[in-house]
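Protein chains: 2
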Amino acid sequence: MNLILLQPGDLLDEHSARITDPRRLKHLHEVHQAQPGDELTLGLADGNIGRGRLTALDRHQACFALDALSQAPPPALDIELVLALPRPRMLARSLEHVTALGVKHITLLHSRRVEKSYWQSPELDPEKIRRHLLLGLEQARDTRTPRVILEPRFKPFLEDRLPARLANREGLLAHPGMDAACPRGLASPALLIVGPEGGFVPYEVEQLLAAGCRGIQLGERILRVETAVVALLARLSPL
Amino acid sequence: MNLILLQPGDLLDEHSARITDPRRLKHLHEVHQAQPGDELTLGLADGNIGRGRLTALDRHQACFALDALSQAPPPALDIELVLALPRPRMLARSLEHVTALGVKHITLLHSRRVEKSYWQSPELDPEKIRRHLLLGLEQARDTRTPRVILEPRFKPFLEDRLPARLANREGLLAHPGMDAACPRGLASPALLIVGPEGGFVPYEVEQLLAAGCRGIQLGERILRVETAVVALLARLSPL
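These protein sequence lines map, in sequence, to chains W and F. Quick note: to get our numbering, add 4 to the position in the first sequence (first position is 1). Quick note: to get our numbering, add 4 to the position in the second sequence (first position is 1).
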């Protein structure tokens, strides 16, 4: 937790805030070993970041006096991510990784090799998803929560939503064996599509290419989804 | 397990092999749902990869008839990694990530902000480390096990070992706030040094720069160690 991300309900007034949730209190006590008087980095959800002073801390609450929160959060990555729904534990970690890297638009997509049971996982509960997004933001000192969209059917996504999503950004389909090496440092907005463990099936690859996506690959090595998304985003990122 | 990595003891003769360890048998049964007759990808430790046919499978053993293992493993990444020892769970995952990405030389280093207790972790047991390296190799269809060196004292590493390590490769110190952005697609061998959660302390940074390392950074975002190593390696990789 490199940033204490204040939600509107945490603000008492313009210059003070109080948090009461056990997770963050525990972190302040045990990891930060914070004491009243300590200066910490705070941010306002979807707003700026700055410094604040811990004025009180006990088992039930932490209170802060806020300086002007005048610093903009770090720049977002203008790469939207479409990820075939990974197995639940991998999903959790992937959400944290890509949020920390600055992705602001995440679509979780069904595809042939996604196990149907994954769509029933408690990890898809909006509150659970939100928790992983917050962990990614707190890690990277960011304040802007990504939007997460579930697409539990491949074809309606492909036919009804993808064309509009590609109107202003280049589609990149990361898939082993594609012709082009993953580009470095993109100069314009992109939508990155990453398949499931085992990859998209040939029909899905054909359809995504036919929809205008460019096929890219990272070489012979087969990577786990969570390794691959970080490697792809780091390589594509212009930041 | 995208590759069954045969150790010398698994070979019965030039054309047949048998594995008996519970981990891989379980994977063959439960994940691959393999049946005798199936063709699978196999590799010989530190050797080539190729195809083999499963000739027998039960609870105690899996037997394979091997074709000529004639394909070279994927190219290694000529970037040595020096990583401040992460907390145990992060260490396990980081070893798998970087092995899958093709790193062949990993040094785990002490630094001021590494908790002393981490050096007592059972995760540092050579057999445990080896297990994570094997998982990374099996994932990426690689056969060459990375070398892992423990450096539980910073100063002897800095003074006695680092100069020789930098004789033929450029040292890159990844640290927030350094002048240069992380380069893309290195043309020559490198040694990448990554600090602990919280970073190297200023004295350590000074000493590493004085030893000839170049300071690089990935931007304002503070990343978890396992995210940062993958992002850095993906960006530096010429492959």
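Built from N, CA and C at the ideal position, the CB exists for glycine as well.
Contacts of residue i in chain W (Cβ-Cβ under 7 angstroms)
i	result
F:N6	I226
F:H101	T231
F:L243	G223
Which residues DSSP lists as bridging residue i, in chain order
i	result
F:F68	F:A21, F:L58
F:V86	F:T111, F:I197
W:A184	W:I220
W:V152	W:I110
W:Q75	W:I53
F:T45	F:R55
W:G13	Bridge partners of W:G13: none, in fact.
W:A178	W:V198, W:I220
F:I8	F:L46
F:L81	F:V107
Sub-8 angstroms separation of residue i and residue j beta-carbons
i	j	result
W:S98	W:L113	no
F:L141	F:L48	no
F:L243	W:A144	no
W:T111	W:D50	no
W:A66	W:I23	yes
W:P150	W:T103	yes
W:A238	F:R239	yes
F:L7	F:L46	yes
F:I219	F:A184	Before going further, note that residue 219 of chain F is Gly rather than Ile in the sequence given. Taking 8 angstroms as the Cβ cut-off, F:G219 and F:A184 qualify as a contacting pair.
F:S125	F:P92	yes
F:H101	F:V234	yes
F:V229	F:E201	yes
W:L236	W:C186	yes
F:N52	F:Q75	yes
W:H31	W:M5	yes
Residue closest to residue i, alpha-carbon to alpha-carbon, out of the options
i	options	result
W:A194	W:Y207, W:E210, W:A168, W:G203	W:A168
W:E163	W:G223, W:L213, W:L89	W:L213
W:R225	F:E174, F:V107, F:P26	F:V107
W:D14	W:N6, W:M5, W:R28	W:R28
F:A215	F:L222, F:Q221, F:Y207	F:Y207
W:Q39	W:P126, W:V205, W:R63	W:R63
W:P77	W:F161, W:E100, W:L105, W:S20	W:L105
W:L95	W:S241, W:G199, W:Q211	W:G199
F:K120	F:L89, F:V152, F:E127, F:L196	F:L89
W:L166	W:M182, W:V152, W:I197	W:I197
W:L222	W:S241, W:M182, W:F204	W:M182
W:E153	W:H109, W:E18, W:E43, W:L16	The residue asked about is misnamed: residue 153 of chain W is Ile in this sequence, not Glu. Comparing Cα-Cα distances from W:I153 to each of W:H109, W:E18, W:E43, W:L16, the minimum goes to W:H109.
F:E174	F:T231, F:F204, F:C217	F:C217
Per-residue contacts from residue i into chain W (C-beta, under 8 angstroms)
i	result
F:P78	G223, E224, R225
F:D146	R225
F:G189	R188
F:A235	L105, V234, A235, L237, A238
Interface partners of residue i on chain W, CB under 9 angstroms
i	result
F:R91	Within chain W, no residue comes near F:R91; the closest Cβ sits about 11 angstroms away, beyond 9 angstroms.
F:V107	None at all; the shortest Cβ gap to chain W is about 11 angstroms.
F:Q143	R225, I226, L227, R228, T231
F:A194	Per Cβ cutoff of 9 angstroms: no residues; F:A194 is ~16 angstroms from chain W at best.
9 angstroms Cβ cut-off: residues of chain F touching residue i
i	result
W:R22	Ordered by position in chain F, no residue passes the 9 angstroms Cβ test against W:R22, which lies about 25 angstroms from the chain.
Are there three or more Cβ pairs, one per stretch, closer than 8 angstroms when the stretch 148-160 of chain F is compared with the stretch 172-182 of chain F? no
The stretch 73-83 of chain F / the stretch 184-195 of chain F touching (three or more Cβ pairs under 8 angstroms): yes
Is it true that the stretch 70-80 of chain F meets the stretch 50-59 of chain F, where meeting means three or more beta-carbon pairs spaced less than 8 angstroms apart? A contact between stretches requires three or more CB pairs, one per stretch, nearer than 8 angstroms, and the stretch 70-80 of chain F meets this requirement with the stretch 50-59 of chain F.
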